[in-house]
Structures are given as structure tokens and as C-alpha cells.
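J.: Here it is, the structure in full.
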Amino acid sequence: MWTYPKIYDVLVIGAGHAGCEAAHAAARMGAETLLLTMNLDTIGKMSCNPSIGGTAKGHIVREIDALGGLMGKVADRQSLQFRMLNASKGPAVRSPRSQADKAGYAQEMKQRLENTPYLEIKQGTTESLRVENGRVTGVMTQEGIIYQAKTVVLSSGTFMRGLIHIGMTNFSGGRGGDKAATGLSPCLESLGFKLGRLKTGTPPRINRRSIDFSVCEEQPGDENVHFSYDEPEPRIQQISCHITYTTPETKKIIQDNIHRSPLYAGVIQGVGPRYCPSIEDKIVRFADKERHQIFLEPEGLTTEEIYVNGISTSLPFDVQMALIRSITGLGKAEVMRPAYAIEYDYVKSDQVFPTLETKLVEGLFLAGQVNGTTGYEEAAGQGLIAGANAACKALDKPPFIMKRSDSYIGVMIDDLIRFDLSEPYRMFTSRAEHRLLLRQDNADLRLRPMAYELGLVTRQQFDRVTQKLQTIEQETTRLSQLFKTIGAKSTSLAQLICRPDWDYARMLQEYPDLVTDFGLDLNTQIELKLKYAGYIERQEKEVQKLEKLDDHRIPKQFTYDQVIGLRAEAKQKFARFTPDNLGAASRISGISPADISILMIALQKSYSERR
């Protein structure tokens with residue numbers, strides 16, 4: 017055993033999407049950071065679909081970029097196709113999505129991290145955490161090296177006691193082709209952490225040359241879609257995806273072989289994501305549906321692999337071959353990688369603070385699938401917050417806590433620490449009660465000032481947002497003071513743009529001498545601010561009301577058992593989740609308004625007695 021001579025401010029375990037953002041954020045803040053990964057060649061690897069963004073997930077990517085993160089910039093540089101989902105719907109649910117070049121994305125991420133000041137990257141397999149007097153002091157690796165650190169971010173993905181299933185065959189692995197991490201779970205359990213078991217899966221990859229695209233629907237990308245708020249990244253070649261469908265034969269093959277699925281045979285114990293079911297789950301749950309939509313998505317410009325989105329499965333390989341070839345256009349398809357399901361350990365959700373620091377071990381932070389989430393974007397968002405807070409702790413700065421009214425990332429973290437997870441957590445726009453304020457198009461306006469205070473973005477990036485805010489305010493005021501006679505009525509241009517058949521583009525066309533073209537981004541912000549002014553004002557008032565509850569702090573030493581009139585169930589949940597304030601307490605599952613009223617009175621009484 018040998019101790020590495022340097023003591024780091026922040027040590028990040030794992031270089032998946034959470035680990036990459038955690039290490040980058042900590043280093044950007046000036047913390048001496050070490051990123052420790054099992055394999056330097058799999059940094060930023062996309063284990064499942066090489067796509068970034070999507071419904072609500074696109075919001076998170078833009079928030080990561082607004083906070084100075086890497087995911088959006090790397091995706092802009094290394095994506096094969098961009099689309100704006102829900103483009104015909106309201107602005108709150110529009111979400112950007114890209115299909116990335118799998119190898120290019122990982123290489124780009126690795127290169128950017130390698131060139132980040134204050135960040136070192138080393139290969140090593142973490143065997144255990146080193147903890148002294150309730151505080152983490154570093155890690156020990158299988159290679160016999162001890163790395164010392166003031167804080168540690170654990171972002172182990174699906175690797176903790178990972179078990180891969182293909183039919184009735186199962187074997188240890190963190191993902192296809194990689195070994196599992198076997199030492200971390202026993203280490204966490206020995207420290208008192210409660211672990212659970214979750215499951216996820218991935219579909220087969222097939223050879224592009226074996227597909228008959230002539231019977232499939234082409235799905236081209238959209239123009240003017242991107243993630244980053246900074247200077248546009250040069251793009252690689254843009255290509256189309258394709259859509260096809262399962263057939264009645266597909267359904268019969270799965271029904272005839274359902275007993276060979278480890279999911280239905282009881283071999284898999286972990287719970288999978290409800291909103292991303294396997295193809296056998298779809299056939300069972302939606303028995304009356306004759307066909308299911310399948311997306312054929314390329315994995316890169318330098319590979320023939322096609323990701324078959326929509327048929328995640330753990331059925332045996334022979335059944336996979338048969339069901340693939342029953343799909344329209346895939347009659348001669350060659351499977352290059354079989355589908356599989358994977359079970360893995362995670363840390364149950366009541367064991368971290370809003371900073372993502374653990375309650376049991378000081379200085380230890382958790383980020384990504386180890387917290388029970390699924391998805392690259394959810395992991396990356398947590399990674400950035402965990403890395404920033406680890407740096408804050410190491411550098412003796414105040415913690416960085418995101419509220420539900422700040423961002424989708426804030427909504428996600430609040431959900432994770434307040435609710436019992438019965439399945440892997442996935443972000444949806446419906447989870448955000450103030451989603452009109454948290455649009456994907458305004459993340460920079462919401463979050464860049466915070467990022468600048470933390471040192472995550474430059475002065476130039478901050479000044480650009482400041483100027484943008486000033487322009488929006490000045491132009492909306494100016495348009496409200498410009499009037500035109502429409503029919504027999506005098507109407508301001510601000511009122512005119514609120515009409516359903518008017519938008520900023522039409523204003524530019526009709527009144528080029530009065531309306532300024534600031535570019536698509538600013539034009540959109542001005543239009544939305546005017547069109548949705550009433551709704552936005554209403555949501556802002558709701559936020560202010562809720563934040564009054566957040567202002568009522570709950571002392572850490574507060575004893576709930578002594579609160580007269582509080583239900584036993586409420587006492588148990590408050591003691592378990594240890595909310596920081598009344599707002600957080602009110603969001604715990606099963607807590608009623610009456611519980612909050614009783615608790616508020618008890619807190620006021622306690623405060624008066626202390627005075």
C-alpha cells in the first residue's frame with residue numbers, strides 16, 4: 017500500500033456524465049481536483065443511447081451549460097442531428113434533443129477535461145473509502161494506492177455490484193464489456209448507508225448495411241437547434257434517423273417466449289424505469305396494441321452500428337434475433353451487440369442533503385445513478401451541483417443550493433431527497449410546478465448570475481447575459497409605448513404580439529421601421545415575455561408564497577417527538593428526511609397541510625423559548 021503524496025481538495029470517483037461535470041465544476045472553481053476512473057478510454061462513454069436532451073432532459077442540458085458545464089458544448093460539437101421536441105406546443109414543454117456521435121462525444125469530453133486547469137485525471141479502481149471520525153479523507157484503490165482528499169464525490173453509475181442479464185444467463189459487469197465495482201457497496205454498507213437495487217436496460221445494436229431503409233420513414237433534423245448559450249460550436253456532418261414499427265409477428269414471438277425473460281421469470285429483482293419499459297413489458301402492459309414505434313438511430317459517422325430505440329430487452333439472444341428480424345425493414349438485420357438488462361446498487365434517497373453531501377459521512381457527496389436516477393442528463397446535473405458543493409466545502413465557501421423555483425436541476429434534487437424512490441427517477445416537465453418560468457430558452461437568464469458568483473463562468477459570459485437582460489427589458493417597454501391603428505382601435509405593438517396569429521417574425525415583416533431584429537434568441541425572449549406576461553407574473557407570485565415557507569428554518573437538533581398534535585407518521589418522516597425548512601417539509605410525500613401548520617406553531621414556540 018502506497019500513499020500518493022498530494023492531498024486534493026476534491027476527488028471524483030467515476031468518469032461517467034456525473035463524474036465529468038463534477039470534476040470540471042470543482043476545477044473551474046479553483047479546487048485542486050482528481051478524477052479517478054477505472055478506464056481512461058471510457059471517459060464520457062454513452063453506455064446506452066448516444067443521444068443528449070429530450071423532453072425535460074433538454075432543459076437540464078441547457079441549465080448545465082448556463083452553469084458553466086460541458087455537456088451542452090460537447091453535444092453541440094459532436095452531434096449528428098438536432099431536433100426541437102414539442103415545437104408545436106407551448107414554450108414550457110419545448111425541449112432540444114440531439115443524436116450524438118458516440119465515439120466523438122467521449123473523445124471530445126476527454127480532451128476538454130484533460131485541458132481543464134486544476135484537474136488531474138488518473139486511472140484506478142476505487143476499492144473503498146477512507147473515513148476518519150465521521151469524515152472522508154480519501155480512497156483506496158485495487159492497485160494499492162491511497163489518494164487523499166478533503167472531499168470525495170462518488171459517481172459510480174451502474175457499476176456497484178452490477179449484474180448483467182441476457183436471458184437466463186447473468187454475469188458481473190458495470191455495463192457491456194466493463195467490469196463491475198465490487199468493493200464500494202460493502203464499504204458503504206459498513207458505514208451505515210442503506211442500499212437498494214434498481215434495474216435498467218439497453219436494446220440491441222444492428223449493422224446499418226443490413227437494414228432496408230426504403231420501407232422506413234426518414235426523420236431529418238431541425239435547423240437552429242443547439243444547447244450552448246455561448247459561441248456556436250463547429251458541427252460535424254448532419255444525417256437523418258429513421259422510424260419503423262413492430263409487427264404482429266414481433267408480438268407473437270415475445271408472447272411465446274415471455275417465460276424466458278429474466279424479468280418475468282423472477283430472476284431480476286431490481287425495479288426498472290416505468291417510463292422506459294422493455295419491449296416485453298410493452299407487449300404485456302399494452303396487449304391490445306398491434307404495433308410499437310421503433311427509432312433507428314446511428315451511433316456515429318465512423319461506425320455502422322445502429323441503435324434500435326424502443327426494444328430494450330433482456331430476452332435470450334436467439335429470441336432477440338427473431339424479434340429484430342420481424343420488424344419492418346429489419347428482415348435481414350445483423351445484430352452487432354445484443355441487448356441486456358443490468359441490476360445495480362444505489363443509495364436510498366433519504367441519506368443526502370440538498371448539497372448532495374451525505375448525512376452519515378462529512379465531505380462525501382453522491383451524484384448520478386448512485387442516487388437512484390436514470391439518464392445522462394439527470395446524472396450530469398447532479399454531478400455539477402455535487403462538484404460545486406464539494407469545492408465550496410474544501411475552499412470554505414458557503415454551500416450552493418438550488419431551489420425548485422430556480423431550475424429543473426433544483427426540482428430533481430428536491431425530489432430525490434424528499435421522496436422514497438420505487439423506480440429509477442427520470443425528469444419530466446410535469447414534475448416542475450413552475451415550468452413556465454423554467455423554460456429551456458431562458459436558462460442563461462436564470463442561472464448565469466449564480467454561476468458567475470461561484471466562479472463557474474467568466475466575466476465575459478456574465479456581461480453577455482447582463483446585456484441580454486437589459487435589451488429584453490428595454491425593448492418590451494419600448495414596444496408597449498408604440499401604438500398602431502388596427503381597424504378602428506389603437507393598439508400597442510406589445511398588445512399586438514400577444515394575439516394568437518402574431519409573433520415577432522410577423523412584427524418584423526409588418527413594421528420593419530419600428531421593430532428591431534436582435535437575432536432569433538433575443539427575438540424569442542422578447543416575444544415570450546410579452547405573450548405570457550400574465551401567466552409569468554402569476555407563477556412568480558406563487559413562488560414568492562412558497563418561498564415564505566422556505567424562510568422558516570428548522571434547527572438540526574429539533575425534536576419532532578415532542579410536538580403535540582403531530583401525527584406519528586409525520587413525526588417519523590420528518591425525523592427520517594430531516595428537512596431544512598418548512599417548504600422542504602411540506603414537499604415530503606404523505607405530509608398534509610395540517611402537519612405543516614402544527615409544525616410551524618411548534619417552531620415558533622421553540623424559537624420564543626430560546627429567546
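Count along the sequence shown from 1, add 16, and you get the number used in the numbering used here.
Ideal placement from N, C-alpha and C gives every residue a C-beta, glycine not left out.
Rounded to whole angstroms, what's the CA-CA distance from residue 612 to residue 551? Just pull it up for me.
T.: As a position in the sequence shown, residue 612 is number 596, starting the count at 1. As a position in the sequence shown, residue 551 is number 535, starting the count at 1. So the two alpha carbons sit approximately 28 angstroms from each other.
J.: Specify whether the segment 89 to 105 and the segment 54 to 70 touch according to this definition: at least 3 beta carbon pairs, one from each stretch, less than 8 angstroms apart.
T.: yes
J.: Taking the alpha-carbon of residue 199 as reference, which of 541, 152, 142 has the nearest alpha-carbon?
T.: Counting from one through the sequence shown, the residue named residue 199 turns up at place 183. Checked all of 541, 152, 142; the closest Cα to residue 199 is 142.
J.: Hey, quick one: how far does the beta strand (DSSP E) through residue 258 stretch, first residue to last?
T.: Translated into positions along the sequence shown, residue 258 becomes position 242. Judged by DSSP secondary structure, residue 258 falls within the beta strand (DSSP E) whose first and last residues are 257 to 261.
J.: Compute the Euclidean distance between the alpha carbons of residue 181 and residue 281, then round it to the nearest angstrom.
T.: Start at 1 with the first residue of the sequence shown, and residue 181 comes out as number 165. Start at 1 with the first residue of the sequence shown, and residue 281 comes out as number 265. Using only the alpha carbons, I get a separation of about 12 angstroms.
J.: Would you mind giving the Cβ-Cβ distance between residue 439 and residue 289, rounded to the nearest angstrom? I have them listed as a contact below 8 angstroms.
T.: In the sequence shown, counting from the first residue as 1, residue 439 sits at position 423. In the sequence shown, counting from the first residue as 1, residue 289 sits at position 273. Right, their Cβ atoms sit about 6 angstroms apart.
J.: Touching or not, the segment 106 to 114 and the segment 138 to 153, by the rule of three or more beta carbon pairs under 8 angstroms?
T.: no
J.: Taking the alpha carbon of residue 55 as the point to measure from, which residue in 533, 38, 32, 41 has its own alpha carbon closest?
T.: In the sequence shown, residue 55 corresponds to position 39, counting from 1. It is 32 whose Cα lies nearest to the Cα of residue 55.
J.: How would you label residue 502, buried or exposed, when you count the other beta carbons within 10 angstroms and need 16 or more for buried?
T.: In the sequence shown, residue 502 corresponds to position 486, counting from 1. Flag for residue 502 reads exposed.
J.: Taking 9 angstroms as the CB-CB limit, is residue 289 close to chain C?
T.: You won't find chain C in this structure, because it holds only one protein chain.
J.: Roughly how many whole angstroms lie between the Cα atoms of residue 542 and residue 492?
T.: Counting from 1 along the sequence shown, the entry for residue 542 is found at position 526. Counting from 1 along the sequence shown, the entry for residue 492 is found at position 476. Approximately 6 angstroms, taken between the alpha carbons.
J.: With distance defined between alpha-carbon atoms, name the residue in 433, 356, 392, 353 nearest to residue 363.
T.: By 1-based counting over the sequence shown, the position of residue 363 is 347. When 433, 356, 392, 353 are compared, the shortest CA-CA separation from residue 363 is found for 433.
J.: Please state whether the Cβ-Cβ distance between residue 184 and residue 392 is less than 9 angstroms.
T.: Stepping through the sequence shown from its first residue, residue 184 is reached at position 168. Stepping through the sequence shown from its first residue, residue 392 is reached at position 376. The Cβ atoms of residue 184 and residue 392 lie no closer than 9 angstroms to each other.
J.: Just to confirm the assignment: which complete alpha helix (DSSP H) runs, minimum length 4, are found wholly within the segment 178 to 243?
T.: 200 to 206
J.: Are residue 135 and residue 50 closer than 9 angstroms when you measure CB to CB?
T.: Along the sequence shown, one-based indexing puts residue 135 at 119. Along the sequence shown, one-based indexing puts residue 50 at 34. Closer than 9 angstroms, so yes.
J.: Ignore the nearest five residues each way along the sequence and tell me which others in residue 244's own chain have a CB closer than 7 angstroms to its CB.
T.: Locating residue 244 in the sequence shown gives position 228, counting from the first residue. Closer than 7 angstroms at the Cβ level, and outside the excluded window around residue 244, lie 81, 88, 89, 92.
J.: Assign residue 275 to one of two classes, buried (16 or more other C-beta atoms within 10 Å of its C-beta) or exposed (fewer than that).
T.: As a first step, residue 275 must be located in the sequence shown, where it is residue number 259. Residue 275 is exposed by the Cβ-count criterion.
J.: Using 8 angstroms as the Cβ pair cut-off and three pairs as the minimum, do the segment 256 to 269 and the segment 330 to 349 touch?
T.: yes
J.: Identify whether residue 569 lies in helix, strand or coil by the three-state DSSP scheme.
T.: For the purposes of this step, residue 569 is taken as residue 553 along the sequence shown, with counting starting at 1. Here residue 569 sits in strand by DSSP.
J.: Name the DSSP bridge partner or partners of residue 26?
T.: The count along the sequence shown starts at 1 and reaches residue 26 at position 10. Its beta-bridge partners are 49, 167.
J.: For residue 268, report the span of its alpha helix (DSSP H) as first-last.
T.: For the purposes of this step, residue 268 is taken as the residue at position 252 of the sequence shown. Residue 268 -> alpha helix (DSSP H) spans 264 to 272.
J.: Return yes when the Cβ of residue 568 is within less than 9 angstroms of the Cβ of residue 616, no when it is not.
T.: As a first step, residue 616 must be located in the sequence shown, where it is residue number 600. As a first step, residue 568 must be located in the sequence shown, where it is residue number 552. In this structure, residue 568 lies closer than 9 angstroms to residue 616 by Cβ.
J.: Alpha carbon to alpha carbon, how far is residue 192 from residue 323? Give it in angstroms, no decimals.
T.: Here residue 323 is taken as the residue at index 307 of the sequence shown, counted from 1. Here residue 192 is taken as the residue at index 176 of the sequence shown, counted from 1. Spanning the two alpha carbons is a distance of roughly 14 angstroms.
J.: Give every residue of the same chain whose Cβ lies closer than 8 angstroms to the Cβ of residue 122, excluding the five residues on either side of it in the sequence, and list them in chain order.
T.: Residue numbering aside, residue 122 sits at position 106 when the sequence shown is read from its first letter. Answer for residue 122: 58, 59, 60, 61, 62, listed in chain order.
J.: Taking Cβ positions, are residue 441 and residue 387 nearer each other than 9 angstroms?
T.: By one-based count along the sequence shown, residue 441 stands at place 425. By one-based count along the sequence shown, residue 387 stands at place 371. The answer is yes: Cβ separation under 9 angstroms.
J.: Which residue from 535, 26, 487 puts its Cα closest to that of residue 165?
T.: Taking the sequence shown and counting its residues from 1, one reaches residue 165 at position 149. Ranked by Cα distance from residue 165, the options 535, 26, 487 are led by 26.
J.: Per DSSP, residue 505 is paired with what?
T.: By 1-based counting over the sequence shown, the position of residue 505 is 489. 502, per the DSSP bridge assignment.
J.: Suppose the cutoff is 7 angstroms on Cβ atoms and the five residues either side in sequence are ignored; what does the same chain contact list for residue 209 look like?
T.: Sequence index remark: in the sequence shown, residue 209 carries index 193 (1-based). Only 363, 367, 376 meet the Cβ criterion.
J.: With three or more C-beta pairs closer than 8 angstroms as the rule, is the segment 458 to 468 touching the segment 476 to 492?
T.: yes
J.: From residue 475 to residue 45, what distance separates their C-alpha atoms?
T.: Reading the sequence shown from its first residue, position 459 is the one you call residue 475. Reading the sequence shown from its first residue, position 29 is the one you call residue 45. The straight-line gap from Cα to Cα measures roughly 14 angstroms.
J.: Buried or exposed: where does residue 313 fall if 16 or more other Cβ atoms within 10 Å of its Cβ makes it buried?
T.: For this step, residue 313 is matched to residue 297 along the sequence shown. Residue 313 comes out buried.
J.: Can you give the beta carbon distance from residue 228 to residue 154, rounded, assuming they're within the 8 angstroms contact cut?
T.: Counting from 1 along the sequence shown, the entry for residue 228 is found at position 212. Counting from 1 along the sequence shown, the entry for residue 154 is found at position 138. That pair is no contact at about 55 angstroms.
J.: If residue 360 and residue 330 are in contact, beta carbons under 8 angstroms, what's the gap, nearest whole angstrom?
T.: For the purposes of this step, residue 360 is taken as residue 344 along the sequence shown, with counting starting at 1. For the purposes of this step, residue 330 is taken as residue 314 along the sequence shown, with counting starting at 1. With 8 angstroms as the limit, residue 360 and residue 330 do not qualify as a contact, their Cβ atoms being about 14 angstroms apart.
J.: Under DSSP, the alpha helix (DSSP H) around residue 405 begins and ends at which residues?
T.: Reading the sequence shown from its first residue, position 389 is the one you call residue 405. Per DSSP, residue 405 belongs to the alpha helix (DSSP H) from 392 to 410.
J.: Taking only three categories from DSSP, how would you classify residue 7?
T.: Summary: the structure shown does not reach residue 7, with the chain confined to residues 17 through 627, and so no result is reported for it.
J.: DSSP state of residue 624, grouped into three classes?
T.: The residue given as residue 624 occupies position 608 in the sequence shown. Residue 624: helix per DSSP, three-state reduction.
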